[in-house]
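If you number the sequence shown the way the numbering used here does, the last residue is 729 and the count never jumps.
We put the beta carbon where it would ideally sit given N, CA and C, even for glycine.
Data block below; observations after.
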Amino acid sequence: MTDPAVLPETPAAPLPDAPGGTAPESLTVRALEADAGLLDPLSAGTTAAARSSDAAYLRNLLEVEAAWTAVLAEAGMTTAAHARAAAAAADPALYDLAALAHAGQSGGNPLIPALKAMRARAAEAAAAATPASSGEAGPGIDAGAGIHVGATSQDIMDTAMMRMSAQVAATVLADLRAAVAALAELATRHRDTPMVARSLAQHSLPSTFGLRAAGWLAALVQAGERLEAATAAPPLQWGGAAGTMAALAGRVERAHRAGTLDAGTDVFALVERLAGRLGLSAPAGPWHTNRMPVTGIAAALADVAAACGKIANDVLLSARIENGELGEPLAAGRGGSSAMPHKQNPVLSVLVHSGALAAPGALAQVLTAAGAANEERPDGGWHAEWPALRQLMRLAGGAAARTDELVSGLRVNTGRMAENLHRVGPLLVSERLMAELAPVLQEQAGGAPGSGKARLQAIVDRSLAGGPDEPDFRTLLREELPASVTDEQLDGLLDPANYTGEAGALVDRIVAAAGPFLAAPSRGTAGPAAGAD
């Protein structure tokens, strides 16, 4: 029986174009050495993490190349056999990720070694599939000739990143919709459950838990709508080496002269066909150094992390023993302490909170890189985007998944909410008393401007400063008020549950406004969900 902590070694394939002196001649990859999320418990094991893995990105790279070859074959600019060979070579299982990552150092990106390896795999596939006598694409014929025609590395990598972003967004949106649905039910159920509102961390006014949950819901909906807008049809990248499409234009011109390409088909028509195949949009032109598509997606992902983080922060505070209003879903083995057996740590909220803290830094890196893009092709800013954008995908994906779990099983202690609501006593409705009773006290004092507010403030101050033998606030107030204000009226004014304003109506409005987001079909899948199977 194999010890799971001692995994067998797998020799890596030879490293193409490996820079001398930067790695051992023979690279050995152990499964244990792969990034499994040991230091990233927020996203570990999530679909978003799988869809943003190295394997998922490689699959997108290969599928973009294969799709382009298919477009060219359909247009008559390469052969159907070339397209079949490219499709066969688009299987990421045929490649050694560690070898490609290492070889990518030579050219500054992983597409260069991946393209070399893909062409070799395409040749192998063509040789195995077609007899040499056919003259179509057997031995001796370059089966990789139809791959990467007229493209540059950034075209393929940006396009693959857009596809991967949309694939990750699809699972983030699914989790957000599930969380919004759970919050809609929670907010409606607790529409009129009174609790204390807190401003600047202090008790302020009465509110309802339904309104707080509705506020969480509204933020998730807004973040989800922004992410959906940014990834519904992200743009293809296609410009060639310097953004002029010169290489592709030359190929098209030669094909027109040779009569192998329809006269009505130009470079833009080909690019539009590729975009359609990949589930992307075809922009008016390339965006090699206009990084707005990337920053838009990055900002939307950061919004998701922030909206989820707000919920986590509230739960962390409300789950404290001295507060006790909320509790995380119970699950066997979750939340335990290695040193204190009595503790039940709110780990879901802790993880989501960590994502909200990390996302701004990753977004700042993407924005800084975008501002550093220079001339027609960036010289480092583009490279700095990759890890930061992927981190944002994982942070948002992990936050959405954990938040869905958190709110779907959130435990609400209405008794503690009522207890905390009355902890400050009638002073919690002092705002209302100023509006309702200050005019009465002012009239009683002869109508001097401001006298009513001053008298009421004096009663509040005396109550706050009073010792154990001092009359309570209601008694002090009753002593000052005229008989025209009955005890029943006074008790109604002092009851915090009677001063929640339009909280219930706000809950109804916010829940109703979430309807279109909940009902909208999932978009932004951009082809198959690479890495999810």
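Cβ pair Leu617, Pro556 closer than 8 Å: no
Spatial neighbours of Glu632 in its chain, beta-carbon cut-off 8 Å, leaving aside the 5 residues before and after: Counting only Cβ-Cβ distances below 8 Å, and skipping sequence neighbours, we find Leu689.
Beta-carbon proximity check, Ala271 vs Thr461, cutoff 8 Å: yes
Start-to-end residues for the beta strand (DSSP E) that takes in His399: Gln398 to Thr404
Local Cβ density within 10 Å of Ser395, reported as buried at 16 or more and exposed below that: exposed
Under the three-state DSSP convention, the category Gly523 falls into: strand
Residue burial classification, Thr355 (beta-carbon count within 10 angstroms, cutoff 16): buried
Proximity below 8 Å, CB of Ala699 to CB of Leu407: The criterion of a C-beta distance shorter than 8 Å is satisfied by Ala699 and Leu407.
Which residues DSSP lists as bridging Pro733, in chain order: Shown here, the chain extends from 197 to 729; a query on residue 733 therefore has no answer.
Between the CA atoms of Thr610 and Ala362 - distance to the nearest angstrom: 40 Å
Through-space distance from Thr456 to Ala554, alpha-carbon basis: 53 Å
Among Ala428, Tyr695 and Ala414, the one whose alpha carbon lies nearest that of Ala710: Ranking Ala428, Tyr695 and Ala414 by Cα distance to Ala710 puts Ala414 first.
Environment of Gln685 [buried if 16+ CB atoms lie within 10 Å]: exposed
Meets three-Cβ-pair contact criterion under 8 Å: the stretch 272-291 and the stretch 364-380: Short answer: they don't touch.
Selected residue, minimal CA-CA separation from Ala425, among Ile493, Ser604, Gly472 and Thr384: Ile493
Rounded C-alpha distance that separates Ala503 from Asn509: 10 Å
Simplified DSSP assignment, three categories, for Val490: The three-state secondary structure of Val490, taken from DSSP, is helix.
The alpha helix (DSSP H) enclosing Gly373, as first and last residue numbers: According to the sequence as given, residue 373 is Arg; it is not Gly. Residues Ser349 to Arg385.
Segments of 4+ residues assigned as alpha helix (DSSP H) that fall wholly inside the stretch 602-633: As summarised for the stretch 602-633, the continuous alpha helix (DSSP H) elements at least 4 residues long and confined to that stretch are 610-617 and 626-632, given in chain order.
Beta-carbon separation (whole angstroms), Ala257 vs Ile352, contact threshold 8 Å: Looking at the sequence itself, residue 257 is Leu, so the reference to Ala does not match. Rounded to the nearest angstrom, the Cβ distance from Leu257 to Ile352 is 6 Å, consistent with a contact under 8 Å.
8 Å Cβ cutoff met for Val364 and Met589: yes
Start and end residues, alpha helix (DSSP H) containing Val681: First-last for Val681: undefined, no H or E at that position.
Residues near Thr427 by beta carbon distance below 7 Å, same chain, minus five either side: Ser361, Ala362, Ala365, Ile493 and Gly720
Top-ranked residue by Cα proximity to Ala443, from Ala347, Leu497, Gly697 and Gly576: Restricting attention to Ala347, Leu497, Gly697 and Gly576, the CA atom closest to the CA of Ala443 is found in Ala347.
Rounded separation between Gly439 and Pro482 - CA only: 6 Å
Boundaries of the beta strand (DSSP E) in which Met391 is found, first to last residue: Pro390 to Ser395
Cβ pair Gly551, Leu238 closer than 8 Å: yes
Continuous alpha helix (DSSP H) stretch holding His452: start and end: Ala442 to Ala454
With 16 other Cβ atoms within 10 Å as the buried cut-off, status of Arg422: buried
Cβ neighbour criterion (16 or more within 10 Å) applied to Ser249: buried
Best match in Val703, Arg315 and Ala246 for proximity to Thr265 [C-alpha to C-alpha]: Arg315
Check: Glu320 C-beta below 7 Å from any heavy atom of the ligand ADP: The ligand ADP is absent from the structure shown, which contains no ligand whatsoever.
Three-state secondary structure (DSSP) of Ala726: Unreliable positioning characterises Ala726 in this predicted model, as indicated by a pLDDT of 48, which lies under 50. The coordinate reading is nonetheless provided below. Looking at Ala726 - three-state DSSP - the assignment turns out to be coil, as it is neither helix nor strand.
Close beta carbons around Arg586, own chain, < 6 Å, minus the five adjacent residues each side: Ser248
Nearest to Ala445 (by Cα), restricted to the options Leu432, Ala454 and Phe464: Scanning Leu432, Ala454 and Phe464 for the CA closest to the CA of Ala445 turns up Phe464.
Contact check, Asn263 vs Pro288, beta carbons under 8 Å: For the sequence presented, residue 263 should be read as Ala rather than Asn. Contact flag unset, no.
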